[in-house]
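Q: Would you mind keeping the following structure in view while I ask a few things?
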Amino acid sequence: MPARSTKPPAAAKPSRSIFDPFNSSATGHQRADNTLSGSTSWRDSRSLKLRAQYTGGTGGGKRVSDTVGAGSLDFGQDGRTENGGWVPGAKGLRGEGQKSLWESTPGLAVEKDVERPSKRVKLDVEEKPTKVVNPFTPFWREDGKIRETSWTSHEASPSDLLSPIDPHSSNSTNTSSGQPYTQQATDLSTNTAPADRGQQPPPQIFTNLTFYINGSTAPLISDHKLKYLIASHGGSHSTFLGRRTVTHVLITKPASSGYGRACGGGLAGTKIQKEIAKLKGEKVRFVMVEWVLECVRQGKRVPERGFEGLRLAPKGVGSVAEMFGGGEVLQRYAKQMLAPPWLDTKAARPRSSRRWIPTLLFCILVAGTVNMLMQYSLPALFVGYLGCSTASPTVTDASNAYPTSSPWQWPGPNQGKQGYWFDQLEDTLATMQNTFWNGTYWPTTIQWIGAFMDTLLAASDISFTNALDRYNGGVPGAHSTSTSLTTEIQKYFTEIEAYYGDEDAIQIFGAAYDDAQWVVLEWLEAIKFIDQYDDYAKSSLGQNDIAHFAHRAHIFYNIVQNQFNTSLCGGGITWNPALAPYKNAITNELFLASSIGMYLYYPGDTNTSPYPSPGYLNATNMTLPALPALAAHDPLLLNNAVQEYAWFQSHNFTNAQGLVVDGFHISDNQTTCDERNEMVYTYNQGVLLSGLRGLWEATGDTDYLTDGYNYIKTTINATGWNAQERSTAGQWAGLGRNGIMEDYCDAPANCSQDNQIFKGIYFHHLDLFCEPLPTSTPLVAGLTHTASPSLAASHAAKCASYIPWIEHNAQAALSTRNTTGFIGGWWGASYVNKTQEPWPAYAVPRPGGSTDEWNEPWVLQSEPWSCQGQQGCGIGEVKWGNSGGFGHNGRRMAEGFGGRKRDGGSGRRDANDLGLGRTVETQASGLGVVRAASDFLSRRAAT
C-alpha cells in the first residue's frame, strides 16, 4: 500500500475574483464590501434589510434590495471593478440583481415580475410610499411553478391569494381564521409571520424604538426569535450602539445571578453596572430581555421599571387572590380575565388533572368580589386582581384623614411613593418629547399652547435640579442617577433653546392679550431654571441665553403693560381688542401672574428693539417704535399686580359655589361689567394661584395665601373629593366627579385643542403656589419677604393635605394611557370603565347663562362677541406699551381662533381636535398633574 500523503489537499479556488464580505457575513448584512460601510446611507439600507428578514418568518418574507451600492436595483451607472474599486461608468457585477435561494435551485421554474429601481428616501418617513423595493415571497402556482410577487414596501403580502410554500408539503393551504392576532406560547418556537398564518399583524408596540442586543439571550429565547418579535411588533434592531438612535439596550443576567444556565456574558453585576454608567447614552434604557417578552405578552409597552439592568423589583404586598388562598392559580385566572383581547388565554390556562380545585377557588374569588364591590371601586378591584394591595391608605395627617370606605378618595396603589412618581414624571415627559417634538418645536399644536408646554419643559428641568440638590440624583425609590438626571437636564434645556429660535413669535405677537402673556411666563420660567441650576452646579449653563429670554419676555409684557383700562368695568384687561369688550378671567389672571413674575424674576433688559423676531419687518412691512426701558424689580410691575387682583376681587368673578367663571360682557351704552358668562373652565381656577403666591413674596401679606387656600379648597370640593357617599361622589360636582377633575367637554369628547390642556395648566400653577415659603433667605435680598417658622410649617401642612387628591388625579390620568403611553383627555374615564371615545351619557349640562366659546368658537361671529363699533373695540384702537397706537397694524386679531397657527402654518386643524384621540395637548396636561404629584411628595419628604 502506498504511503499516505500528509500534505493537506489544496484549497478550492474561489469562484469569484474578489472577496465579498457582504455575502460571507453571518446575516448577510453586517458590513459593506466598499467604502460605503461607514456611511449613514449604508446603515439605513442594512437596517431595512434586517427588519425585512426578521419579520419575514420561515417563509423568507419580502426580499429587500440595497438602497445604495452594488446591491441596489439601479446599480450599474457607476459600477465596481473586479478588484473592488469603483470606476465611473463601470458595469456592475450584479447586473441581474441578487438571486434568491429559489432562483438558484436548478430545474425550478420561476416566474418573476419586473422590478422598478429603488429610490433613496429617509427610511424613518413612512407617510409617503414613494420607495419601491424588491421584496417578494415565493408562492406555489397551480401549475407547480414558483411565482414571485413584487410590491411596494407599504403594501401587504398577497397571502390571501396564494398559499405560502410549506417545506414539508406542496399542498399546504393558508386558511384565514379571521381571529385577532394571538401571541400563543407556541409562537415562541416559530417565526412564521402573522400575515402568512392568515392572522392580523401583532400590535405595533415597539414603534419608534430601536434595540441593541448586548450579549447572548440564550437560553431564555434565541437571538433570531427575539429579533423577530421586535421587528414584527414595530421595532428596529441596530447592530451597533448608536447613542442618537438606540433607545433600548437589551442585556441578560450574568451567570452569577442565579439565573441558571445564563449566557449573558458571565460578567459580574458590578462590571455590567460600570458598562452602563460608561455609555451615558441620552435616554437609553438598559433593560432585560424579559421586558420585551412581557410587552409582547400583554400586547402593550409596559413600564421599564423592574426590568432595568440587574435591579430587581421588591416583593409586592399580598394580593386579593392570596387573601382567598388561591395563590398563583387565582392570580393566573384573574390575569386571564383582564388579558388584552389579542392574548390567547387558552395557551396560558393551567392544565391540572384536578380541575375542580381551581374551579372551586375561582368560585370563592367571585364570592369575595361581590363583597368587595360593596367596599371598593371597580378600578381598585382590578388592581387587587393583578396582585396589588387594595387596602385604603393610612393617613397620618389629621387634616388629610378620610373614611377608608371611600374609594373615590383613594390615591392609588403607589400612594406616597416618591420614587414612583418621579419615574412617572421622567417617562411622561420623555413620551411627549420623543413622540411629538420634531427637534425645534411641536408641529401639531398652536402657539400659545406651545409656549405653555415650553414652560412645562423648563419647570420639569427645575424639578430634576431639585432632585440633584436634595438627593444628589438618587431620589428614593426612583431609577434615576445623578449622571442620568444631568444628561436629561441638559438635553431638555437644549430643546428649550431650540424652541426659542423656532417659536412663531410673529404670529403670537399679533394674537389676543392672553396669548402674549403665556410667552412672558414661558421665558421667565426658563430664566428661573438657569439661575437655579447654575447656582447648584456652579456652571454657566444658559447664561448667554438669559438676555435673549428676558428681552422676549419684555417685548410680550410690553403688549399688555398699559392695557389696564379703568374706563370700562372700572379696570381689568380686555381679552381680544378685535372683539367687543370682554373682560375674562384668564386674561386678567395672567396679567396678575405675569406682572408679579416680571417683578420677581425679570433681570432687566437694555435691548430697545421692539421686534419679536428678526423677520418681523419683512413679514409685516411695519416699523415699530423703540421698546420702552424696563428695569429689574420696577415698582410698576408690583403695582400692576396689586391693582389687578384688587379689581378682580371687587368684581364678582365667582359663582355661588365659589368657582371662577369665565368673564364679563358690557352691554350697549354701559360702562360696567353687567353681563356675566357663567361658563367654568378648570384653568381659570389655577392661574391666579401662582400670582397670589408671588404677591405674598413681594408684600408679606398673608391674606394672599389665605385666598389661595380657599380657591384650592373650592376646586377640590368641586371634583366630589369630599363627598360622604358613593352616590354623591359619582355625581357632577362642578368640576368633575369621583374626586377627579374634569372639564365639561371631557366626557362627550368635544374639547377643542385649546381646552385639552386646561387641567394641566391648573396643576402647574397649584404646584407653583405650594413651593415652600422661605424662612431665612429671601428670594430677592432687600426686596422680598420671609416667613416665620410657624407660617412656613402651616403652609407646608396645608399643601401636604392636597397630596392624596393630587395623586388620585395623577393616577387617573395615567390610567388613560394607551399601549404607546399616550395620556387621554378624560381622566375620569377609567374610573367608570369607559374609553376615550365620546360618552354622551356622562355629559352634563353647562351652567345656565353660559357660553362655551373655547369649544364653540363660531359664537364669536355674533353678538355679544363681535365688534359692532362699541367703545374699546376694533383693531384701529389697539394700544400697546407707552409708545402710542398701532393704528391699522394688521395684527390679525380679528381673525380670532382661525388665525392661530396649526401644523406649521398650513391652517389645517389638528386631526385630534374635538377630543378625538390622544394629542400632544392631552399628554402635556397629564405631565402637569404627574409633575405636581412628584413635586409635592418631594417637598414633603424634604421637610
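Residue numbers (my numbering): -18 to 924. Note that the Cβ used here is the ideal one computed from N, Cα and C, for glycine as well.
Leaving out five residues on either side along the sequence, give the residues of the same chain with a beta carbon under 8 Å from the beta carbon of A612.
A: Excluding residues within five positions, the ones whose Cβ falls inside 8 Å are G585.
Q: By how many angstroms is the C-alpha of W808 removed from the C-alpha of P161?
A: In this prediction, P161 scores a pLDDT of 33, lower than 50, which makes its location untrustworthy; no coordinate-derived value is stated.
Q: Hey, quick one: how far does the beta strand (DSSP E) through R266 stretch, first residue to last?
A: Looking at the DSSP string, the run of the beta strand (DSSP E) that includes R266 is 266 to 269.
Q: Of the residues A714, A566, S465, P392, which one's Cα is nearest the Cα of D404?
A: The candidate whose alpha carbon is nearest that of D404 is S465.
Q: Out of N620, A528, I647, point me to the one whose CA is closest to N588's CA.
A: Among N620, A528, I647, the Cα nearest to that of N588 belongs to A528.
Q: Could you tell me the distance, in whole angstroms, from the CA atom of T220 to the CA atom of Q414?
A: Their Cα atoms are separated by approximately 25 Å.
Q: Within the continuous beta strand (DSSP E) that includes E656, where are the two ends?
A: Note, E656: beta strand (DSSP E), 656 to 658.
Q: Along the beta strand (DSSP E) that carries T635, what are the first and last residues, could you check?
A: Element bounds for T635: n/a, residue is neither H nor E.
Q: Is the segment 680 to 687 touching the segment 628 to 644 in the sense that three or more CB pairs, one from each, lie closer than 8 Å?
A: Verdict: no, contact absent.
Q: Roughly how many angstroms separate the alpha carbons of T416 and I430, rounded to a whole number?
A: Looking at the two C-alpha atoms, the distance is approximately 17 Å.
Q: Just to confirm my understanding: we take T475, look at its own chain, exclude 5 residues before and 5 after, and list those with CB closer than 7 Å. What are they?
A: Excluding residues within five positions, none has a Cβ falling inside 7 Å.
Q: Looking only at C-alpha atoms, which of R718, I194, P562 sits nearest to S847?
A: It is P562 whose Cα lies nearest to the Cα of S847.
Q: Opposite N195 in the DSSP bridges: which residues?
A: According to DSSP, which records beta bridges pairwise, N195 is partnered with I232.
Q: Where does D735 fall in DSSP's three states?
A: In this structure, D735 counts as coil in the three-state DSSP scheme.
Q: Please report the straight-line C-alpha distance between N719 and R657, rounded to a whole angstrom.
A: Taking the straight line joining both Cα atoms gives about 29 Å.
Q: May I ask which residues mark the beginning and end of the beta strand (DSSP E) holding C564?
A: Reading off the sequence, residue 564 comes out as Lys, not Cys. Run containing K564: 563 to 565, per the beta strand (DSSP E) assignment.
Q: Using a threshold of 7 Å, state whether the C-beta atoms of A574 and G672 are closer than that.
A: Result yes, Cβ atoms of A574 and G672 sit closer than 7 Å.
Q: My understanding is that I577 touches A622, with C-beta atoms under 8 Å, so please give their C-beta distance in whole angstroms.
A: With a Cβ gap of about 4 Å, I577 and A622 count as contacting.
Q: Taking 8 Å as the limit between beta carbons, can you name the residues of its chain near W402, skipping five residues before and five after?
A: Same-chain partners within the cutoff: N395, E788, A791, V911, A914, S915, L918.
Q: Between A531, G741, S26, W418, which has its C-alpha nearest P593's C-alpha?
A: Ranking A531, G741, S26, W418 by Cα distance to P593 puts A531 first.
Q: Which term fits L598, buried or exposed, when burial requires 16 or more other beta carbons within 10 angstroms of its beta carbon?
A: Exposed: under 16 other Cβ atoms inside 10 Å.
Q: Starting from H532, trace the alpha helix (DSSP H) both ways and give me its first and last residue.
A: Note, H532: alpha helix (DSSP H), 527 to 541.
Q: Three-state secondary structure (DSSP) at R899?
A: Correct three-state label for R899: coil.
Q: What is the DSSP secondary structure of F645, counted as helix, strand or coil?
A: Reduced to three states, the DSSP call for F645 is strand.
Q: Let me check understanding here. Comparing Cα to Cα, which of T758, L505, V268, S906 lies closest to N195?
A: Nearest C-alpha to N195: V268.
Q: Are the beta-carbon atoms of V541 and Y494 separated by less than 7 Å?
A: Result yes, Cβ atoms of V541 and Y494 sit closer than 7 Å.
Q: Do T446 and Q513 count as a contact pair if the criterion is CB distance below 7 Å?
A: Yes; because the gap between Cβ atoms is below 7 Å, this pair is in contact.
Q: Smallest Cα separation from C751: which of R674, G711, A824?
A: Checked all of R674, G711, A824; the closest Cα to C751 is R674.
Q: Are there 16 or more other CB atoms within 10 angstroms of the CB of K519, so buried, or fewer, so exposed?
A: Answer is exposed; the Cβ neighbour count stays below 16.
Q: According to DSSP, what are the bridge partners of G717?
A: Its beta-bridge partners are M722.
Q: Would K740 pass as a contact of T801 if the rule is Cβ separation under 7 Å?
A: Not in contact: K740 and T801 (Cβ atoms no closer than 7 Å).
Q: Tell me whether H218 sits in a helix, a strand or coil according to DSSP, three-state version.
A: Here H218 sits in strand by DSSP.
Q: Tell me where the alpha helix (DSSP H) around G585 begins and ends.
A: Element bounds for G585: n/a, residue is neither H nor E.
Q: Ignore the nearest five residues each way along the sequence and tell me which others in L522's own chain have a CB closer than 8 Å to its CB.
A: Closer than 8 Å at Cβ, skipping near neighbours: Q471, F474, I511, Y514, D515.
Q: Please report the straight-line C-alpha distance between I202 and N799, rounded to a whole angstrom.
A: So the two alpha carbons sit approximately 27 Å from each other.
Q: Inspect the beta-carbon positions of F192 and H214 and report whether they are closer than 7 Å.
A: Result no, Cβ atoms of F192 and H214 do not sit closer than 7 Å.
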